[in-house]
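Residue numbers (UniProt numbering), protein chains in the order written: chain X, 1 to 117; chain S, 1 to 117.
A virtual CB, placed ideally from N, CA and C, is assigned to each residue, including glycine.
Input: a single structure, listed below in structure tokens.
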């Protein structure tokens, strides 16, 4: 089974998360819909496997896409409850909601981690 | 972990399956997209948990939906590789591709089985 690095602790000076659904509000059909796009699957997989620091910006991914398109995809992932986003000045940074997703949908992140683009 | 009845063996007189992607062609993003609709999740969950016979017709579900709408959803599930369909005279009957899905996406069907509509 594919695994991933343990989530890093929240830094004490981290800004509050942007609005997101609570753990109990997560819906499987919504989460699966958000993951049904290869770019969004790629975002979640890279955030999951490459967490060398706490939060990542859009720019960290190096996607050759307009920033507005990436912003849209990150927002969709946050609205579905897959990622948590925080505003650091002009930047939004993201990480996967590992604990919430493992609690509600055990095995889902293993599928994402094992995905071959 | 939620489990389901073991798949029944294919009856020797079963018609050939309708066209479908081979196991190696299944794509996670496509499978997740097909499951991102509550009705389609319901179809797969009921086929998975209620397999008292080999194949099930649309009518077995008792959905209050036009037949054309159900035909569309079953076809989408077949095209994504979630179900296998066979034509019995005028009827199409379906079952979940348990072995193929467990081989390619282990844990996915457990999430479907545990889903609360």
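Straight-line measurement puts the Cα of residue 78 of chain X at about 28 Å from the Cα of residue 81 of chain S. Non-local beta-carbon contacts of residue 115 of chain S in its own chain, meaning distances under 8 Å to residues more than five positions away in sequence, involve 41, 45 in chain order. Neighbours of residue 37 of chain X in chain S, taken as residues whose beta carbon is under 7 Å from its own, are 29 in chain order. Going by beta carbons, residue 90 of chain X and residue 101 of chain X fall outside the 7 Å limit. Nearest to residue 8 of chain X by alpha-carbon distance, out of X:103, X:70, X:47, is X:47.
For residue 78 of chain S, the three-state secondary structure derived from DSSP is helix.
Taken in chain order, the unbroken stretches of beta strand (DSSP E) that lie wholly in the UniProt domain "HTH arsR-type" (30-110) of chain S and span 3 residues or more are 83-88, 91-96. Scanning S:21, S:43, S:55, S:64 for the CA closest to the CA of residue 88 of chain S turns up S:55.
Around the beta carbon of residue 25 of chain S, fewer than 16 other beta carbons sit within 10 angstroms, so the residue counts as exposed. Residue pairing for residue 17 of chain S: DSSP places it in a beta bridge opposite S:86. By the C-beta criterion, the region 25-40 of chain S is judged to be in contact with the region 16-35 of chain X, since at least 3 inter-stretch pairs fall below 8 Å. Proximity of residue 111 of chain X to chain S, defined by a Cβ-Cβ separation below 7 Å, is satisfied.
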